[in-house]
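Asks: I have a structure here, written as C-alpha cells, and I will follow up with some questions on it.
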Amino acid sequence: LALLGSLNTSPIELGLAVNASKPVLAQVLRKAEQSVTAVEVARLRDRWGVQNDPLAPPPTTSGLTDDERRWLSALPALRIGFEVDRYPYTFVDSDGKPAGLSLEHAERIAQALGLALTPVPAHDWNALRRMFDAHEIDLVAAATPEDFHSRTVQLSRPYAHFPVMIVTRMPGSSFNDVEDLAGPTVA
C-alpha cells in the first residue's frame with residue numbers, strides 16, 4: 467500500500483463522548499481534562515503513534531466546585547464503551563485486556579476525578595452505538611463530532627487530530643484529490 471497524502475479537508479477530531487442526558491458528567495469531565503497536561507497528551511500520542519497537533523486548543527475550564535465533587539463521589543464506576551479493533555485508539559491487546567490511546571486518556575481523566583471506569587467492549591461501531599443509545603454505557607472512548615447527532619451527545623476536548631488520507635495499492639491508480647475517486651471502488 468502507498469499513502470498518497472492528505473486530502474485538503476479539515477482533520478478529524480477524536481474525543482470522549484457523553485450522553486447528552488448526563489450534562490453534569492460532561493461538565494466535570496471537561497474540567498478534569500485540565501489536569502491532563504499538554505505534555506502528557508503529547509506523550510500518549512507519541513506512545514500510540516498518533517501525530518501531535520500543535521494547534522490543539524488548551525483546556526479552558528477551571529477547577530471543580532464542592533457540589534461537583536460531592537456529586538462525583540456518589541457515582542458508581544462509569545461504563546466506558548470501546549471498539550475492540552480500532553487500533554491505536556481502542557482495542558483488546560494480546561492478553562485480552564482493553565488498551566489504546568483513548569482508553570488511557572479516559573483513565574487519566576477518571577483518576578483526576580477519583581472515578582473508576584469499567585471498560586465495555588463492542589465488536590463494532592454499530593454495537594457501540596446501540597449500547598450508547600440504550601444507556602448501557604456512560605461514555606464512548608473514541609468519538610468524532612460526526613459520529614452522533616449533537617442533541618444526543620456532548621464531546622470532550624479533542625485529544626487526537628488526524629487528517630483524511632488516501633491509501634492505494636501499489637502499483638495502482640494515481641489519486642490527487644477527492645474528485646479523482648469518482649468511478650473506482652472506494653472501501
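Using the numbering used here, you'd call the opening residue of the sequence shown number 467 and step up by one each time.
No residue lacks a Cβ here, since even glycine has one placed at the ideal position from N, Cα and C.
What number of angstroms, rounded off, separates the C-alpha of A626 from the C-alpha of R545?
Replies: For the purposes of this step, residue 626 is taken as residue 160 along the sequence shown, with counting starting at 1. For the purposes of this step, residue 545 is taken as residue 79 along the sequence shown, with counting starting at 1. Their backbone Cα atoms lie some 21 Å apart in a straight line.
Asks: Classify N592 as buried or exposed, calling it buried when 16 or more other Cβ atoms lie within 10 Å of its own Cβ.
Replies: Your numbering for residue 592 matches position 126 in the sequence shown. By the neighbour-count rule (16 or more Cβ atoms within 10 Å), N592 is not buried but exposed.
Asks: In whole angstroms, what is the alpha-carbon distance linking A588 and L530?
Replies: Within the sequence shown, the letter at position 122 stands for residue 588. Within the sequence shown, the letter at position 64 stands for residue 530. Those two C-alpha atoms are separated by around 32 Å.
Asks: Compute the distance between the beta-carbons of R552 and A483, then report whether it is under 8 Å.
Replies: Locating residue 552 in the sequence shown gives position 86, counting from the first residue. Locating residue 483 in the sequence shown gives position 17, counting from the first residue. Taking 8 Å as the Cβ cut-off, R552 and A483 do not qualify as a contacting pair.
Asks: In this structure, does DSSP put S528 in helix, strand or coil?
Replies: Looking up residue 528 in the sequence shown gives position 62. Note that S528 scores 49 on pLDDT, short of 50, meaning its location in the model is unreliable; the coordinates nonetheless yield the value given after this. It is coil, neither helix nor strand.
Asks: Buried or exposed: R511, going by 16 or more other Cβ atoms within 10 Å of its Cβ?
Replies: Taking the sequence shown and counting its residues from 1, one reaches residue 511 at position 45. Label assigned to R511: buried.
Asks: R536: buried (16+ other C-beta within 10 angstroms of its C-beta) or exposed?
Replies: Here the question's residue 536 lines up with position 70 in the sequence shown. Exposed, because fewer than 16 other Cβ atoms sit within 10 Å of the Cβ of R536.
Asks: Can you check whether the CB of E499 is closer than 8 Å to the CB of T610?
Replies: Within the sequence shown, numbered from 1, the residue matching residue 610 stands at position 144. Within the sequence shown, numbered from 1, the residue matching residue 499 stands at position 33. It is not a contact, given that the beta carbons lie outside the stated cut-off.
Asks: Helix, strand or coil for E479 per DSSP?
Replies: Here residue 479 refers to the residue found at position 13 of the sequence shown. It is a strand residue.
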